[in-house]
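Quick notes on the structure that follows.
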């Protein structure tokens with residue numbers, strides 16, 4: 001049985017193919033269209049999935065969409081009626097889109113599918129699992145657990161904004177739901193907006209900014225108190241009630257009522273690109289701490305309701321890897337599995353798996369370490385395609401096969417060079433995991449600044465993640481488990497830290513970056529933390545071999561790993577994308593498969609950087 005899962009029309013469209021319960025291929029539409037967070041129908045992603053499996057659309061048994069559009073429409077109508085006459089402008093803006101596209105989802109899907117290929121409309125079954133069930137399925141079914149608690153948290157699906165479920169065998173049971181307009185995801189997005197970042201794309205920036213706040217300051221304490229007193233009511237089970245007097249997302253065109261927030265926190269909304277101030281970093285820290293407290297309470301409630309010692313996480317808030325680390329450190333659960341594509345894109349996987357196991361009643365057989373295959377589920381490119389796609393640029397390259405390749409790239413990294421690393425299948429989800437990565441030396445004190453300003457063209461305060469040999473992770477980090485999907489933050493071990501000067505927290509944000517905080521300054525954040533990827537030989541042998549070669553050369557089995565893209569662009573998908581990004585930045589070498597491109601040897605290139613703010 002073959003099921004096509006899709007997510008579309010909100011934030012991150014994606015497609016996935018599941019055959020006999022196994023995830024075969026998955027990709028986000030943005031990678032093909034080059035439009036970040038593309039929310040259109042995932043035509044290109046579907047075509048990739050079909051081509052990869054060598055199938056025609058007519059051979060698909062069912063198509064599973066990741067939520068119920070009519071139920072979402074019901075929520076929209078009821079919300080506007082509840083708040084009337086407020087929100088008339090927003091209502092008028094939203095209705096034409098809903099009436100044209102989302103109310104008639106089956107018709108829209110058939111029209112879009114007809115552009116892809118021929119099929120029998122009567123034979124193709126269209127299924128619509130609920131949004132949070134899709135999230136829950138995306139986390140539980142790929143995990144290796146026979147049974148588990150499942151916690152899903154995001155902005156909003158149809159009505160639910162968070163859910164606690166249990167998974168057992170092939171079954172998922174929903175125990176509790178938090179419903180709109182009360183949402184931890186929307187609360188975090190509101191602060192993202194107020195602090196000058198873009199909603200649905202800047203939340204990770206807010207998380208990166210939080211450690212620049214002073215954890216010992218009275219200002220942070222006051223902000224936390226104001227959030228809990230004026231903005232939310234937090235209950236012991238992790239459920240929250242948001243005071244709608246301060247928010248505008250339910251019926252308005254903005255996240256918050258800015259004047260009321262300015263009165264509450266004492267400063268106006270930050271404008272994009274302006275210099276960050278201490279009070280803004282302190283507010284970021286305050287909402288991060290509140291978020292961690294809420295998530296931990298929800299996790300404890302999930303354990304209480306299910307009695308399980310395993311936890312599966314999904315939904316956009318599950319990408320808050322600092323909060324994930326807090327859950328792990330609390331020791332409530334023995335093991336945690338986080339869906340690597342935890343946001344809406346991953347809903348395509350969950351929808352297909354929910355259809356397979358719940359609708360069609362097929363038995364589940366858990367796989368170890370999990371069924372996501374390292375999240376390497378996208379397209380790969382063979383030698384002919386690499387040369388064909390880069391041919392028009394008349395590049396200069398050298399073929400360098402194993403075992404020569406890894407020691408040579410390690411040598412370049414040791415010399416301070418930045419490497420574009422394009423290998424195998426593209427990752428599914430927001431993290432680059434060694435398939436489409438930009439790499440550097442974590443020991444180099446200038447590497448963070450170089451990567452931010454000369455490669456990624458982004459804010460200097462943002463940290464970079466380490467990729468570390470799985471067997472060596474415990475030597476460098478306070479990590480209690482594997483972290484293959486870069487979704488856990490833990491601290492650098494005390495033995496590798498360096499002492500900070502007095503009054504460090506009072507320094508301007510930019511000056512804090514000057515000080516080396518550990519033996520690995522390029523990956524150590526302000527609070528001595530790091531967002532860790534453990535690299536396993538079984539799932540990515542080429543990346544593991546490179547890390548091992550770097551260890552043999554330097555004694556350090558770790559590299560800086562950031563996504564292969566520039567600011568405002570999706571991660572590269574094809575060799576052509578990779579070469580363009582390489583030439584448009586100050587990367588030193590590009591390695592695609594066995595082919596090495598040295599920047600110094602390439603023909604003259606006129607830079608094409610036209611990135612948008614992300």
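Numbering (the working numbering), first residue to last: 1 to 614. C-beta atoms are modelled at their ideal positions from N, C-alpha and C, and glycine is treated no differently. Nothing here was measured: the structure is a model prediction, and the numbers come from that model.
query: Could you tell me the alpha carbon to alpha carbon distance between residue 602 and residue 444, rounded to whole angstroms?; result: 26 Å
query: With DSSP as the reference, please indicate the residues paired to residue 440 in a beta bridge.; result: 560
query: Sort 321, 412, 382 and 482 by Cα distance to residue 430 and report the nearest one.; result: 321
query: Checking the sheet assignment: what are the DSSP bridge partners for residue 335?; result: 310
query: Pull up the distance between the alpha-carbon of residue 477 and that of residue 557, whole angstroms please.; result: 12 Å
query: Under three-state DSSP, which class holds residue 16?; result: strand
query: Return the residue from the list 323, 412, 270 and 447 that minimises the CA-CA distance to residue 192.; result: 270
query: In the structure shown, what three-state DSSP assignment does residue 383 receive?; result: helix
query: Pairing CB atoms from the segment 382-395 with CB atoms from the segment 522-535, are three or more of them under 8 Å?; result: no
query: Does the segment 343-363 come into contact with the segment 121-134, if we say contact requires no fewer than three beta-carbon pairs (one atom in each stretch) closer than 8 Å?; result: yes
query: Is the CB-CB distance between residue 136 and residue 150 below 9 Å?; result: yes
query: Distance check for residue 499 and residue 338, CA to CA, integer angstroms please.; result: 34 Å
query: Go to residue 467, then tell me how far its beta strand (DSSP E) extends in each direction, as first and last residue.; result: 465-469
query: With a Cβ-Cβ cutoff of 9 Å, do residue 467 and residue 496 count as a contact?; result: no
query: Which word fits residue 267, buried or exposed, when buried means at least 16 other C-beta atoms lie within 10 angstroms of its C-beta?; result: exposed
query: For the beta strand (DSSP E) that contains residue 598, what are its first and last residues?; result: 595-598
query: Nearest to residue 236 by CA position, among 301, 308, 21 and 272, is which residue?; result: 301
query: Pull up the CB-CB distance for residue 226 and residue 234, whole angstroms please, since I reckon it's below 8 Å.; result: Actually they are not in contact, since the Cβ atoms of residue 226 and residue 234 sit about 13 Å apart, beyond 8 Å.
query: Alpha carbon to alpha carbon, how far is residue 487 from residue 342? Give it in angstroms, no decimals.; result: 10 Å
query: Below 8 Å on the Cβ atoms is my contact criterion, and I expect residue 376 with residue 425 to pass it. Report the Cβ-Cβ distance as a whole number of Å.; result: 4 Å
query: Is the Cβ-Cβ distance between residue 155 and residue 134 less than 9 Å?; result: no
query: Provide the residue span of the beta strand (DSSP E) that contains residue 488, from first to last.; result: 488-491
query: Restricting to Cα atoms, I'd like to know which of 69, 1 and 72 is closest to residue 61.; result: 1
query: Could you tell me if residue 541 is buried or exposed, where buried requires 16 or more neighbouring beta carbons within 10 angstroms of its beta carbon?; result: exposed
query: Let me see if you follow: with CB-CB separation under 9 Å, is residue 108 close to chain D or not?; result: Protein chain content of the structure displayed is limited to a single chain, and chain D is not contained in it.
query: Tell me the residue span of the beta strand (DSSP E) that contains residue 166.; result: 160-168
query: Please classify residue 138: does DSSP put it in a helix, a strand, or coil?; result: helix
query: According to DSSP, is residue 533 helix, strand or coil?; result: strand
query: Which ranges would you report for the beta strand (DSSP E) in the segment 99-126 if only whole runs of at least 3 residues count?; result: none
query: Determine the closest residue to residue 469 out of 450, 543 and 262, with distance taken between C-alpha atoms.; result: 543
query: Identify, in the order they occur along the chain, each residue of the same chain with its Cβ nearer than 8 Å to the Cβ of residue 533, setting aside the five sequence neighbours on each side.; result: 431, 433, 434, 465, 466, 467, 468, 483, 484, 485, 486 and 561
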